[in-house]
Ligand SMILES: C[S@@+](CC[C@H](N)C(=O)[O-])C[C@H]1O[C@@H](n2cnc3c(N)ncnc32)[C@H](O)[C@@H]1O
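Residue numbers (the numbering used here): 260 to 712.
Here is the structure:
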């Protein structure tokens with residue numbers, strides 16, 4: 260036997276012979292030793308004649324990796340096998356970790372080859388229709404190695420971002436409540452009737468498929484061998500098939516029809532990266548009555564992005580009367596100094612938990628000290644961490660609004676300051692000061708644009 264051992268990390272697909280790749284078969288055929296969890300060994304037993312077979316239990320994952328390395332060091336060719344794709348919640352990661360910790364490098368004598376396989380989510384999806392034809396994510400509900408707050412945060416983000424979600428390891432004899440919690444989190448964002456498919460043992464003898472909805476998901480039979488596919492806001496079920504549209508309806512009148520007005524085949528949507536802010540201004544101009552909040556809600560975009568869209572309006576083409584000009588962050592202290600004599604201001608401050616404070620302050624009560632923006636008087640002390648600040652804008656609207664708006668790194672509102680009208684009018688002096696500060700920023704912005712062009 261040559262001294263050069265080799266480790267194949269083989270994903271053998273969902274479990275049926277037909278769905279195993281040619282390379283997976285070759286890898287096992289070339290191996291002297293096959294190591295795997297006992298259920299996996301059973302699934303490939305027809306390929307194991309003449310092989311040394313090492314069966315390990317579920318919890319002996321690291322033992323499997325160490326065994327593979329030890330055998331390869333003796334010059335043997337070893338297949339470490341895993342269902343689905345070995346790199347997806349599989350043994351590829353732990354094996355590399357064990358090898359690297361033992362001083363192995365890709366240049367050393369023992370070659371490692373990963374053989375990819377069909378992962379459970381695509382195998383399961385193929386049995387119920389086409390639920391993954393748009394953006395999706397997979398989340399494992401196993402908290403054996405991952406803290407629950409991390410899992411909950413991922414579920415929340417997936418719900419908020421409208422991903423189709425594939426849940427791996429959804430439930431076991433001991434872990435019964437994780438699926439209930441996942442359902443609760445996703446129901447904050449998704450309709451109760453959102454389609455859900457629960458696929459057990461895809462492409463194996465005991466294959467079982469249940470079609471249900473999100474509100475009933477956790478009442479269904481779910482186990483260790485199930486994968487749960489949860490639709491997004493557009494997923495539908497027709498003729499028993501769960502389908503997530505690819506998005507053609509955004510561009511074409513019918514699937515085979517003409518493109519809609521303003522759209523072009525082979526080009527980004529009018530709502531694509533380069534066009535969507537034009538759509539924001541058009542929407543605002545078409546109906547002059549939308550509040551900025553309505554606009555942000557309509558486009559499902561944070562307020563900072565809407566203000567940025569307003570600021571990009573061409574000269575003389577403000578968005579429904581709104582205008583905005585950015586305050587360069589490096590100048591913020593100097594610009595804020597100019598607010599000191601703006602008189603009475605309305606300050607609207609949003610707390611992370613959702614509370615909104617509306618305060619009447621004197622402009623002199625708004626100061627910056629070190630990293631903190633402070634609003635302080637004898638009634639309250641409010642401190643805003645300026646390291647959260649990622650953009651700030653002067654915003655005005657005809658004779659209705661004069662203000663400064665501050666946004667965090669997610670472009671969500673941190674706080675606003677607005678001049679207050681007295682008897683329905685802004686104080687003439689203060690309005691002039693505001694407009695003077697505005698003009699300086701505007702000039703500066705135009706110069707920056709010229710330099711960048
Ligand atoms: C440790 S993960 C292994 C994933 C595997 N490496 C893959 O790529 O599919 C185990 C989980 O995969 C899912 N799974 C694996 N094989 C499956 C099958 N044939 N049918 C349904 N779900 C399966 C189940 O959610 C199970 O709890």
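Each residue gets a CB set at the ideal place from its N, CA and C atoms; glycine is no exception. Owing to the predicted nature of the structure, the values given are computational and were not obtained by experimental measurement.
The alpha helix (DSSP H) enclosing residue i, as first and last residue numbers
i           : result
residue 356 : 351-360
residue 685 : It is not in any alpha helix (DSSP H) - residue 685 carries neither H nor E in the DSSP assignment.
residue 644 : That residue, residue 644, is in no alpha helix (DSSP H); its beta strand (DSSP E) goes 640-644.
residue 536 : 535-545
residue 414 : 407-419
residue 323 : 320-332
residue 380 : 379-387
residue 592 : 591-597
Check: residue i C-beta below 7 Å from any heavy atom of ligand 1
i           : result
residue 344 : yes
residue 484 : yes
residue 273 : yes
residue 382 : yes
residue 459 : yes
residue 703 : no
residue 397 : no
residue 283 : no
residue 427 : yes
residue 379 : yes
residue 341 : yes
residue 296 : no
residue 348 : yes
residue 581 : no
residue 270 : yes
residue 413 : no
residue 323 : no
residue 462 : yes
Residues that DSSP places opposite residue i in a beta bridge
i           : result
residue 312 : 293
residue 623 : In the DSSP output, where bridge partners are listed per residue, residue 623 has none listed.
residue 281 : According to DSSP, residue 281 bridges with nothing at all.
residue 500 : 497
residue 511 : 518
residue 459 : 467 and 485
residue 672 : 666
residue 265 : 336 and 370
residue 427 : 399
residue 615 : 609
N- and C-terminal bounds of the beta strand (DSSP E) containing residue i
i           : result
residue 433 : Where residue 433 is concerned, there is no enclosing beta strand (DSSP E), given that its DSSP letter is neither H nor E.
residue 485 : 485-489
residue 581 : 581-586
residue 210 : The structure shown does not extend to residue 210, since the chain spans only 260 to 712, so no value can be given for it.
residue 556 : Unbroken run through residue 556 is the alpha helix (DSSP H), 551-558; no beta strand (DSSP E).
residue 608 : 603-609
residue 397 : 395-399
residue 566 : Note, residue 566: premise wrong, no beta strand (DSSP E); alpha helix (DSSP H) at 562-570.
Rounded distance between the beta-carbons of residue j and residue i, thought under 8 Å
i           : j           : result
residue 457 : residue 472 : Contact doesn't hold; Cβ gap of about 11 Å is too wide.
residue 620 : residue 643 : Incorrect: roughly 13 Å between the Cβ atoms, too far for contact.
residue 672 : residue 628 : With 8 Å as the limit, residue 672 and residue 628 do not qualify as a contact, their Cβ atoms being about 22 Å apart.
residue 264 : residue 335 : 5 Å
residue 646 : residue 630 : 6 Å
residue 733 : residue 429 : In this structure the chain extends from 260 to 712, so residue 733 is not present and cannot be described.
residue 268 : residue 378 : That pair is no contact at about 14 Å.
residue 677 : residue 665 : Not quite, the Cβ-Cβ distance comes to about 12 Å (not below 8 Å), so this is no contact.
is_contact[residue i, chain C] using C-beta, thresh 8 Å
i           : result
residue 699 : In the structure shown, chain C does not exist; there is a single protein chain.
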